[in-house]
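S.K.: First the structure, then my questions, so here it is.
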Amino acid sequence: MTWTSEKDEALCEEIPFRFQPRTKESGTTWSQVAGDLRQIKSLNMTVDQRAVQDPYKILKSHFLQKMTEEEKGSGIAPPELTPVEAALEEIIEKQCNSEDSDKKEKAEKDRKNGEEMCQESLETFAQTKKRKMT
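Numbering (this note's numbering), first residue to last: 105 to 238.
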């Protein structure tokens, strides 16, 4: 099956913004995206999870490469983004934001855990037991 710009646009519209790569959740998400694309009758697509994932990775890598080349170029005005590129930019931006928030949550959890361990090490067993009971 060949991927046209219409199919690329449909793919970018169906991709959710937040999922962790290489997890069970991402596998079900890609399966759901494939199912949604199969239901679009005008595209007449017969795809599975892998057949959706690979073109997205290719589109994403080409887009990121194009953006780095535009950033390196000096004195040139970047051309306007196509609808596929605009959708990819939005997806990548939201995925980065969700990864940042996940890192912040993990750092906060680790900090609180460290404070708890420090507090326990400074007090006696009876004090720790009493504090945890309240």
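The beta-carbon is built from N, C-alpha and C at its ideal position, and this holds for glycine as well.
Quick caveat, the model's predicted, so the values are computed rather than measured.
In chain order, which continuous runs of the alpha helix (DSSP H) of length 4 or greater are located wholly inside the region 136-223?
M.R.: Uninterrupted alpha helix (DSSP H) stretches at least 4 residues long and entirely within the region 136-223 occur at 153-176, given in chain order.
S.K.: How about the region 113-127 and the region 185-196: do they share at least three Cβ pairs that are nearer than 8 Å?
M.R.: yes
S.K.: Do ALA240 and ASP158 have their C-beta atoms within less than 8 Å of each other?
M.R.: This structure does not reach residue 240, given that the chain is present from 105 up to 238, and the question cannot be answered.
S.K.: Do you know offhand how far ALA191's Cα is from GLU117's?
M.R.: 7 Å
S.K.: Buried or exposed: which applies to ILE162, given that a residue is buried once 16 or more other Cβ atoms fall within 10 Å of its Cβ?
M.R.: Here ILE162 is exposed, its C-beta having fewer than 16 other C-beta atoms within 10 Å.
S.K.: Would you identify the three-state DSSP class for MET105, choosing helix, strand or coil?
M.R.: coil
S.K.: Counting along the chain, where does the alpha helix (DSSP H) carrying PHE229 start and finish?
M.R.: Unbroken alpha helix (DSSP H) run through PHE229: 229-237.
S.K.: What's the C-alpha gap between CYS222 and LYS234?
M.R.: 16 Å
S.K.: Contact check, THR232 vs GLU224 under 8 Å by CB: the rounded distance?
M.R.: Right, the Cβ-Cβ distance comes to about 5 Å (below 8 Å), so this counts as a contact.
S.K.: Do the CB positions of SER178 and PHE121 come within less than 8 Å of each other?
M.R.: no
S.K.: Rounded C-beta distance between ILE196 and LYS176? I'm assuming under 8 Å.
M.R.: Not really, about 18 Å apart at Cβ, beyond 8 Å.
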